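Residue numbers (UniProt numbering): 1 to 367. We put the CB at the ideal spot given by N, CA and C, even for glycine. Just so we're clear, the structure is a prediction, and the values are computed from it rather than from any experiment.
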């Protein structure tokens, strides 16, 4: 049994470190996921609506604490640092995760728990099964904790804590070190909006109490339709919700033509206006060059018009869904450079590029 507990310790430790590091790479992504949970609980539990909505502004802090805790507890477990305390904390955090994934799966409310960030997408019931598996292992570790001799490894745990916080704060003040999103540099957006192969379905019908499946839609009108199931899930487009428009119509395809420098303004509520002097300078220095600056925003036309006037930013704008903008850029404002639909650059407002850098990314030298 001790040997089984040792194996369980290694599995749990590695999975917690991996999960924590993946999320630390993009703490803003975990923040968005926590906000989604808070809003769902606020709706589903009306009596606690105000409490859950009160937590929304602190979602980023919760994200950092949660992700750092995963890494540190994983390291502490592997190096036998305070086995009793570590085991109980692991049990507490896995019970929390198991509740979230069960809620997501059973009520179909948050279809992607974000357990492994954007690196590995798990279906709700798969996530719940994974957490149940970890829960069993952690209970075993807790039961056998006295057989794990405490080691003077506090310095290792301290270094893991500082390093984890460093990764988190770097990603928040810049962008994820490893961009796993479909709008990353090098990706071609129009291609990502297409299925990788022809999508295949099976059609499930019922007749005389018996279920029948067909590869093509049957013509028998006595069959009762039950569901249509996608057979090759991996063929689904990576991007399904990108659309840009104005009051005059759809301009999605226009965003893929030529060189476009998009200024991402997700909303005006938490927009860092101190970044706009540098952005204005960039826009001014790009005049006369083969690149068109443009704003993508989810704000209303009245709001964005007033904002452009206050910032003396004479740049046209298109509307894009707020959730899509959060996926494109973890920064508000953010800068996104496309050339014929291919992403050539993406920057946090703390790293606003020069016009020379932009033109170099487009393969054009400036005089």
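Simplified DSSP assignment, three categories, for residue i
i           : result
residue 329 : coil
residue 49  : helix
residue 28  : helix
residue 180 : coil
residue 120 : strand
residue 351 : helix
residue 321 : coil
residue 80  : coil
residue 234 : helix
residue 108 : coil
residue 43  : helix
residue 285 : helix
residue 342 : strand
residue 257 : coil
residue 38  : helix
residue 18  : helix
Between the CA atoms of residue j and residue i - distance to the nearest angstrom
i           : j           : result
residue 34  : residue 62  : 8 Å
residue 128 : residue 101 : 5 Å
residue 187 : residue 259 : 15 Å
residue 87  : residue 81  : 10 Å
residue 372 : residue 318 : Lying outside 1 to 367, the shown extent of the chain, residue 372 is not represented and no answer is given.
residue 15  : residue 74  : 8 Å
residue 66  : residue 336 : 29 Å
residue 355 : residue 70  : 41 Å
residue 91  : residue 286 : 55 Å
residue 59  : residue 105 : 22 Å
residue 53  : residue 11  : 36 Å
residue 99  : residue 142 : 19 Å
residue 147 : residue 48  : 43 Å
residue 340 : residue 189 : 9 Å
residue 162 : residue 156 : 10 Å
For residue j and residue i, believed in contact at Cβ under 8 Å, the rounded distance
i           : j           : result
residue 267 : residue 333 : About 10 Å separates the two Cβ atoms, so there is no contact after all.
residue 244 : residue 320 : 5 Å
residue 346 : residue 175 : 7 Å
residue 261 : residue 358 : 6 Å
residue 283 : residue 362 : So it is not a contact: roughly 15 Å between Cβ atoms.
residue 324 : residue 250 : Not confirmed; about 14 Å, so no contact.
residue 27  : residue 120 : Not quite, the Cβ-Cβ distance comes to about 17 Å (not below 8 Å), so this is no contact.
residue 184 : residue 231 : The Cβ separation is near 28 Å, so there is no contact.
residue 215 : residue 226 : Wrong, their Cβ atoms sit about 15 Å apart, outside the cutoff.
residue 168 : residue 4   : With a Cβ gap of about 34 Å, residue 168 and residue 4 do not count as contacting.
residue 68  : residue 165 : 6 Å
Exposure of residue i, with buried meaning 16 or more beta-carbon neighbours within 10 Å
i           : result
residue 95  : exposed
residue 302 : exposed
residue 19  : buried
residue 275 : buried
residue 307 : buried
residue 195 : exposed
residue 326 : buried
residue 294 : buried
residue 177 : exposed
residue 330 : buried
Contact test: residue i Cβ vs the ligand NAD heavy atom, cutoff 6 Å
i          : result
residue 78 : The model on display carries no ligand, and the ligand NAD is accordingly not part of it.
Residues that residue i bridges to, as DSSP identifies them
i           : result
residue 294 : 262
residue 2   : Partner(s): none; residue 2 has no beta bridge.
residue 373 : An answer regarding residue 373 cannot be provided, because it is not within the stretch 1 to 367 covered by the chain.
residue 335 : 263, 347
residue 245 : 250, 319
residue 188 : 342
C-beta neighbour in chain D for residue i, strict 7 Å
i           : result
residue 250 : Chain labels in this structure do not include chain D; a single protein chain is all it has.
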